[in-house]
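Residue numbers (our numbering): -8 to 242. In this text, a Cβ means the ideal position worked out from N, Cα and C, and glycines have one as well. Quick caveat, the model's predicted, so the values are computed rather than measured.
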Amino acid sequence: QGQLTRCVGTVTGLGDGRASLARIMGLIERSSDMVVVIDAAGAILWANAATERVLGYDRSAKFGTPVLDLVHPDDAARATEGLARSSRESDLAPIRVRVQASDGAWREIEVVSTNMLDEPLIRGIVLSARDITERTRLERRIHELEHSFEASIRYSPVGRALIDLDGRWLQVNTAFADMVGRHPNDLIGRPGIELVHPDDRPRVRAETRRVQTGEVDSVTVDVRFLRPDGDTVWGRSTVWFVLDDRGEPLY
């Protein structure tokens, strides 16, 4: 008769998310990256085990400490700006700063910040950091070696040059340029074989091909080079590949 006799409904439990948060925090706790939660003022609220392992501090002793107190004075301005931006923006590019470990050493880290101040269960800014001290040291060492390698070519009293994989001059030192009667800059980008006497070119190509195919690591060839005045000059050239970390030739 159209009268309401009963109601059927569904009831969904609204969990407070604490169980999910506990699982996530458990994963973060075991992460190899350092994770630190700070409040809007920059005070440390929480840190995971990796932070304690890398920096050596008892993490609980640092709760309430301004995170900027750990930052190198020369990096403080950049870190302060990064924190200020993280309180206003959600996605920021990583920044590099140095932080002091418990032994007084400075560790270089790469930090990404995530603003979670509005998340009821977090109410903080999450800093995810990776220790890049060793990587930075290797990068600097590689740069030093590259500079040393370039200097050994440029300032050598013996004629030296780099040629790309297409056979064009990449770098020529003064000693070699003087030997063939040219300025180093005039050779850059030109085919190296152009300087070789036509009668010697087949032999130079054949010997160089042995290095290219991996038959030998290097070859030494006596060759005549052409000078602009029409004269030729004999030179004993040793050729080998400079390889990258994967063993592939660079030049």
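query, result
"CA-to-CA distance, Gly158 to Tyr242, given in whole angstroms", "9 Å"
"Cβ-based neighbour list, Trp225, same chain, cut-off 7 Å, excluding 5 preceding and 5 following", "Asp213 and Arg215"
"Gly221: CB within 7 Å of a non-hydrogen atom of the ligand MG", "In the structure on display, the ligand MG does not appear, and there are no ligands present to speak of."
"CB-CB length for Ala41 against Ser22, believed under 8 Å", "6 Å"
"Enclosing alpha helix (DSSP H) for Asp169 [first to last residue]", "Thr165 to Met170"
"Residue closest to Asp109, alpha-carbon to alpha-carbon, out of Val207, Leu217 and Arg79", "Arg79"
"Where Ile29 sits in the DSSP three-state scheme", "strand"
"Short Cβ contact (8 Å threshold) for Pro182 with Val163", "no"
"Gly238, buried or exposed, once every other Cβ within 10 Å from all chains shown has been counted against 16", "exposed"
"First through last residue of the beta strand (DSSP E) which encompasses Ser23", "Ser23 -> no beta strand (DSSP E), and no H or E assigned at all."
"In chain order, each beta strand (DSSP E) run of at least 3 residues that lies wholly inside the stretch 47 to 93", "86 to 91"
"Member of Glu125, Arg98, Leu83 and Asp122 whose CA lies at the smallest distance from the CA of Thr105", "Leu83"
"Short Cβ contact (8 Å threshold) for Val88 with Arg69", "yes"
"Val90 classed as buried or exposed, judged by whether at least 16 other C-beta atoms fall within 10 angstroms", "buried"
"Endpoints, the alpha helix (DSSP H) within which Arg194 is located", "Arg192 to Gln203"
"Rounded distance between the beta-carbons of Ile154 and Asp122, thought under 8 Å", "Contact doesn't hold; Cβ gap of about 40 Å is too wide."
"Residue of Ala152, Val202 and Pro219 minimising C-alpha distance to Phe232", "Val202"
"Beta-bridge pairing of Val230 - partner residues as DSSP gives them", "Val210"
"CA nearest to the CA of Ile144, picked from His134, Leu129, Phe167 and Arg131", "Phe167"
"Gly172 beta carbon less than 8 Å from that of Asp220", "yes"
"Rounded C-alpha distance that separates Val230 from Thr204", "13 Å"
"Local Cβ density within 10 Å of Val207, reported as buried at 16 or more and exposed below that", "exposed"
"Collapsed DSSP secondary structure at Val187 in the structure displayed", "strand"
"CA-to-CA distance, Leu129 to Ala245, given in whole angstroms", "In the structure displayed, the chain extends from -8 to 242; residue 245 sits before or after that span and is not available."
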